[in-house]
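Going line by line, the protein sequences match chains A and B.
Be aware that the first sequence starts at 4, since it is given in this note's numbering, and climbs by one per residue.
Be aware that the second sequence starts at 4, since it is given in this note's numbering, and climbs by one per residue.
All C-beta atoms in this analysis are idealised placements derived from N, C-alpha and C, irrespective of residue type, glycine included.
The block underneath contains the structure these notes are about, expressed in structure tokens.
Protein chains: 2
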Amino acid sequence: MLKVHPIPGKDPWAHGAISTAEWRGARLSDILDAAGVRHEDGLHVAFNAPDVAPEASPVQAYGSSIPLSKAMSEEVLLAWQMNSEPLPRVHGGPVRVVVPGYIGARSVKWVKRITVQPGPSENYFQALDYRILPPESDPGTAKPGEGISLSSVALNCDILVPGDGAEVPAGPLTIHGWALAGDGRGIARVDVSLDGGHTWCQADLQPAASRWSWRLWSLTVEALSGPMTLNARAWDDTGVTQPESAAGLWNPRGYGNNAWARVDVNVLPRRVMPRP
Amino acid sequence: MLKVHPIPGKDPWAHGAISTAEWRGARLSDILDAAGVRHEDGLHVAFNAPDVAPEASPVQAYGSSIPLSKAMSEEVLLAWQMNSEPLPRVHGGPVRVVVPGYIGARSVKWVKRITVQPGPSENYFQALDYRILPPESDPGTAKPGEGISLSSVALNCDILVPGDGAEVPAGPLTIHGWALAGDGRGIARVDVSLDGGHTWCQADLQPAASRWSWRLWSLTVEALSGPMTLNARAWDDTGVTQPESAAGLWNPRGYGNNAWARVDVNVLPRRVMPRP
């Protein structure tokens, strides 16, 4: 989105901030059941953390919430173990929330209080920050609750190999990437295009590790020398695919970009390929 | 999609086949509970109808299925009343299935048998017809189960007024349309563009009649004389919006087009406007 229009004050994560892990803990629904929470429509479950965020206005500790209906689903955990090790401090140990299918900001680290309440969290990050504002909005004067609150993650994919700007030899080129469907959906197909989206080839999908983790894909194409643009797009199991371009998705806080993946590479004739 | 590439054998519904109705009947989940159906993951509920479809290969009666998890949701009905009248024969009377949020083909008319089974329906229309095939596929030789089975309806919107090709007077022009979010989601915003999607204005949303019906919107703009293209796009309450163009969505059976709505009109200078 930064290539479309500047977004002041935001770090460009680009192809980063993507990972998967195996979590172990207690189901949040079991905790809420034990606390006698009744399942009523429209309730929310708010999480309070101890980390004070200087960028919040006013300065405050981090907090956020999810709908009670999501909190009661079997996939939402209070996790104390990550990849078979005690949860490291930097990842939210001793105990953090894990909300599969939702933006990371809802998986609150170092959680210290859980509240069932009639409305969503009024914390700065939920009421003001993690929201899609219309393009003409000024984030500096936006009011709490303005815009669309981010919740479940949208269908998306990216190209991992080759990297953006890479130099690759002419000949067979294997492209690797990942894809993730929205909340509770599966990836049905991933397409790769070498001509800007005019024609597409289907990539090979690796089995899904779980319905909540990204899915790896790969495709081998014939790379001809010269500049080459690689695009990728995913389809979910209901037949939905991604928007073409970030231009139509641009918003003042730079969230929710799920446009086609794009990587530009330079294909070198075999004889001038530099030695590794 | 027909403007992108021909689709033999399909009727262009264009802006048609859009309506809403008030349904009354029994919850399918109550019927299944009464029949002693146990809630196991991966089961499907198949519906058989008596109407024989000559276009099916081989010729067979209509049938389709939905996942048991959807069948057990409170919104799925066996309906015998439509808009406070007994369900007319042409709409599936005496009893039809109504599956809100799913493609119409799952709301089976004149239902005569309901089967809980391990896999989806093998009926021609589910296994072969209502599927998104890759662009290069030949529908004539596609095998059962190929492509992506249509199920929940994707986020979409359309412009109802003015109609495509309409002549309208210069000056204030009120644009009306509808928007529908995917299965169980809400519409958060509808944008209208007069410059091909470069800039957008937010439309006014009417209250939703229910979370399953489309939502009306309107916006008054200033129409300047000459040809004018109107685009509209919707955002759902998770921050997802529609793809830009049908070109990237084209598929051999012409399904699932949820690209931006587009209507072309001719704006006449006030003095040469024909009298009604």
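Go through its chain and collect everything with a Cβ distance to S124 (chain A)'s Cβ below 6 Å, but skip five positions before and after it.
Position 121 of the first sequence, counting from 1, holds the residue named residue 124 (chain A). Result list for S124 (chain A): A49, G66, S67, S68, in chain order.
Would I21 (chain A) be called buried (16 or more neighbouring beta carbons within 10 Å of its own) or exposed?
Walking along the first sequence from the start, residue 21 (chain A) turns up at place 18. Exposed: under 16 other Cβ atoms inside 10 Å.
Kindly say whether E247 (chain A), judged by its beta-carbon, lies nearer than 9 Å to any beta-carbon of chain B.
Walking along the first sequence from the start, residue 247 (chain A) turns up at place 244. With 9 Å as the cut-off, E247 (chain A) counts as an interface residue toward chain B.
In terms of alpha-carbon separation, which member of B:E225, B:A250, B:G185 lies closest to R273 (chain B)?
For the purposes of this step, residue 273 (chain B) is identified with residue 270 of the second sequence, where counting begins at 1. Nearest of B:E225, B:A250, B:G185 to R273 (chain B), Cα basis: B:E225.
With 16 other CB atoms within 10 Å as the buried threshold, where does N86 (chain A) fall?
Translated into positions along the first sequence, residue 86 (chain A) becomes position 83. So N86 (chain A) ends up on the exposed side.
Flag Y65 (chain B) as yes if its beta-carbon sits less than 9 Å from any beta-carbon of chain A, otherwise no.
Walking along the second sequence from the start, residue 65 (chain B) turns up at place 62. For Y65 (chain B), the answer is no, since every Cβ of chain A falls outside 9 Å of its Cβ.
With contact counted as at least three CB pairs below 8 Å, one residue from each stretch, are the segment 235–246 of chain A and the segment 145–164 of chain B in contact?
The answer is yes - the segment 145–164 of chain B touches the segment 235–246 of chain A, with three or more Cβ pairs under 8 Å.
DSSP on D198 (chain A), reduced to helix/strand/coil?
As a position in the first sequence, residue 198 (chain A) is number 195, starting the count at 1. Of the three classes helix, strand and coil, the one that applies to D198 (chain A) here is coil, per DSSP.
Which residues mark the beginning and the end of the beta strand (DSSP E) in which L80 (chain A) is found?
One-based indexing of the first sequence puts residue 80 (chain A) at position 77. Taken as a continuous stretch (DSSP letters only), the beta strand (DSSP E) holding L80 (chain A) covers 80–85.
Chain A partners of R192 (chain B), CB-CB under 9 Å?
Here residue 192 (chain B) corresponds to residue number 189 of the second sequence, with the count starting at 1. Under the 9 Å cutoff, chain A gives I135, P137, G150, I151.
Using the C-alpha atoms, what's the distance from I190 (chain B) back to V79 (chain B)?
Taking the first residue of the second sequence as 1, we reach residue 79 (chain B) at position 76. Taking the first residue of the second sequence as 1, we reach residue 190 (chain B) at position 187. Approximately 21 Å between the Cα atoms of the pair.
So W238 (chain B) contacts chain A; which residues on that side make the cut at Cβ distance below 7 Å?
Here the question's residue 238 (chain B) lines up with position 235 in the second sequence. In chain order: I151.
Could you name the residues of the same chain whose beta carbon sits closer than 8 Å to that of A52 (chain A), not counting the 5 residues immediately before and after it, in chain order?
Here residue 52 (chain A) refers to the residue found at position 49 of the first sequence. Hits under 8 Å: A64, Y65, G66, V111, K112, W113, V114, K115.
Take A74 (chain A) as the anchor and find which of A:L90, A:A56, A:S60, A:Q120 has the nearest alpha-carbon.
By one-based count along the first sequence, residue 74 (chain A) stands at place 71. Looking at the Cα atoms, A:Q120 is the closest of the given residues.
Curious, which full-length beta strand (DSSP E) runs of at least 3 residues does the segment 158–202 of chain A contain?
Runs of the beta strand (DSSP E) inside the segment 158–202 of chain A: 159–164, 170–172, 174–183, 190–196.
Tell me the DSSP secondary structure of I106 (chain A) in three-state form.
Position 103 of the first sequence, counted from the first residue, corresponds to residue 106 (chain A). DSSP places I106 (chain A) in coil when its eight states are reduced to three.
Once DSSP output is grouped into helix, strand and coil, what is the label at Y127 (chain A)?
Here residue 127 (chain A) corresponds to residue number 124 of the first sequence, with the count starting at 1. Three-state result, Y127 (chain A): helix.
Which same chain residues, not among the five before or five after G259 (chain B), have their C-beta less than 6 Å away from its C-beta?
Position 256 of the second sequence holds residue 259 (chain B). Excluding sequence neighbours, G259 (chain B) sits near I135.
Please specify which runs of the beta strand (DSSP E), each continuous and at least 3 residues long, are wholly inside the segment 203–253 of chain A, giving them in chain order.
Entirely contained in the segment 203–253 of chain A, the beta strand (DSSP E) runs reaching 3 residues are, in chain order, 218–226, 229–239.
Do A82 (chain A) and L90 (chain A) have their beta-carbon atoms positioned less than 9 Å apart in this structure?
Your numbering for residue 90 (chain A) matches position 87 in the first sequence. Your numbering for residue 82 (chain A) matches position 79 in the first sequence. A contact, by the Cβ cut-off of 9 Å.
Measure from the alpha carbon of V310 (chain A) to the alpha carbon of each residue in A:A264, A:A206, A:G251, then state which is nearest.
Chain A is shown only over 4 to 279; residue 310 (chain A) falls outside these bounds and no answer can be derived.
Going by DSSP in three states, V101 (chain A) sits in which element: helix, strand or coil?
Here the question's residue 101 (chain A) lines up with position 98 in the first sequence. In this structure, V101 (chain A) counts as strand in the three-state DSSP scheme.
Could you check whether the Cβ of W203 (chain B) sits closer than 9 Å to any Cβ belonging to chain A?
In the second sequence, counting from the first residue as 1, residue 203 (chain B) sits at position 200. Chain A contact via Cβ: present.
R41 (chain A): buried (16+ other C-beta within 10 angstroms of its C-beta) or exposed?
Position 38 of the first sequence, counted from the first residue, corresponds to residue 41 (chain A). R41 (chain A) is exposed by the Cβ-count criterion.
With 9 Å as the threshold, decide whether the Cβ of D186 (chain B) is near any Cβ in chain A.
Sequence index remark: in the second sequence, residue 186 (chain B) carries index 183 (1-based). Chain A contact via Cβ: present.
Looking at the structure shown, is V156 (chain B) part of a helix, part of a strand, or coil, going by DSSP?
Looking up residue 156 (chain B) in the second sequence gives position 153. Looking at V156 (chain B) - three-state DSSP - the assignment turns out to be coil, as it is neither helix nor strand.
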